[in-house]
Amino acid sequence: MKLAVLKETEEGENRVALIPDSIKRLSKKGFEILVETGAGSSAGYSDQEYEQCGATLVSSARKLATQADCVVKVRPPSLQEAEMLKNDSVLIAIIQSTLRHDLVKTLTEKQITSFGLDIIPRTSLAQSMDVLSSMSTISGYKAVLLAADTINRFFPMLMTAAGTIAPAKVLVLGAGVAGLMACATAKRLGGVVEAFDVRPEVKEQVRSVGAKFVEVPVSEDGSGGGGYAKEMSDEYKQKQAELISKHIAKSDVVIPTALIPGRKAPILITEEQVASMKPGSVIVDLAAEMGGNCALTQPGQTVIAHGVTIVGHSNLPSTMSFHASQMFSRNIEKFLLHLCDENGFKMNMDDEITRGSLVTKGGQVIHELTKKLMADSKI
């Protein structure tokens, strides 16, 4: 099977889908691997390293795509890239199928079998393939570093000849993978860390990384499927807003991380709450790519409102492209080996991971939520 690694073309994307180390192992499993020239250069991997690991370099993306039985990417392919793919071939990437209906339509027209790395079931069996968790780890870590670099004060408590410096107060909204990493990193830097989540079962995880868990005084479980949170009742939202407002006002750094699969990110921080923060405070919005958890977030931009700096970086993993590519590559490697045997793709529809990550096949949209959203928008 010919497996192709395309160079990422989206502005600001520095990752590569497969690094030389993974290519070496996949080559031993029988894959013939083609890599677009310069695909790994932004992540710190040279063309020479790829060749030494058994890959064949191809200078033209079009030539690469038309030759390959399977194409792997990090970001969703552009429509132009999708048109280049060989009919009946396989695509593995973060597809964002619930949002990119135009791309999904093109994939069905070309009879592409496509797997969305962003919809792999978040189960114990699929942990080694879970790119969202891998990239969230990086986002949570980098968010705190950005906050520490931006804020107008120290993070840790300091005892100096000029007196005692109070530590920064950090509030993390959402205790998933990104939130927990943000808590742990902020704690290591010496901050006083609090975290909020609608799922009561994460309380012990929050405490285990040194943060205090903020609880809403309403008995309602916010646990949703696949490790995500679900939408809460109006009563809960009102109590949550009142409680969170108090904690936001006294925080120096707020890092919101809340996402709902297939939907715009929920607004957790209003303009009024931003205005209540101390001048010089910082919000690093990890949901910026999906619209943001802060009402004033501008995706891809850093803005100042009411004296508060709001960082809306929409692709933090790309800023740490070497290790992000390493983690992403290992996830794809595990996914490929799960899907394939010596005869190629197994396509076992009884397998939860295969079925759950499949977007299109045989000219049809397979992913149920994507299919529903496309039907609702009459595409």
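Position in the sequence shown counted from 1, then plus 63, gives you my numbering. Glycine is no exception: its CB is placed at the ideal position from the N, C-alpha and C atoms.
Ends of the alpha helix (DSSP H) at residue i?
i, result
"Cys443", "An answer regarding residue 443 cannot be provided, because it is not within the stretch 64 to 442 covered by the chain."
"Ser196", "194 to 213"
"Leu399", "384 to 402"
"Lys409", "Element bounds for Lys409: n/a, residue is neither H nor E."
"Arg147", "Looking at the sequence itself, residue 147 is Met, so the reference to Arg does not match. Here the alpha helix (DSSP H) through Met147 covers 142 to 147."
Pull up the distance between the alpha-carbon of residue i and that of residue j, whole angstroms please.
i, j, result
"Gly237", "Val261", "8 Å"
"Val277", "Leu162", "33 Å"
"Ile96", "Lys275", "48 Å"
"Asn215", "Thr365", "15 Å"
"Leu69", "Ser152", "14 Å"
"Met412", "Arg418", "5 Å"
"Cys357", "Thr333", "6 Å"
"Thr169", "Leu142", "7 Å"
"Asp439", "Val167", "15 Å"
Would you mind sorting residue i into buried or exposed? The rule is 16 or more other CB atoms within 10 Å of its CB.
i, result
"Arg270", "exposed"
"Gln115", "exposed"
"Glu396", "buried"
"Lys173", "buried"
"Lys409", "exposed"
"Leu399", "buried"
"Ser122", "exposed"
"Arg318", "According to the sequence as given, residue 318 is Ile; it is not Arg. Buried: at least 16 other Cβ atoms inside 10 Å."
Which of the three DSSP states, helix, strand or coil, is assigned to residue i?
i, result
"Leu69", "coil"
"Pro443", "Nothing about residue 443 can be reported from this structure: the residues present for the chain run from 64 to 442 only."
"Lys441", "coil"
"Pro263", "helix"
"Cys246", "helix"
"Pro329", "coil"
"Glu76", "coil"
Are residue i and residue j touching if we call contact CB-CB under 8 Å?
i, j, result
"Gly355", "Ala328", "yes"
"Ala387", "Met198", "yes"
"Ser339", "Ser308", "yes"
"Asn150", "Ser105", "no"
"Thr72", "Glu146", "no"
"His401", "Ser160", "no"
"Ala67", "Ala128", "yes"
"Leu81", "Thr100", "no"
"Phe217", "Ala206", "no"
Can you name the start and end residues of the beta strand (DSSP E) that residue i belongs to?
i, result
"Phe178", "176 to 179"
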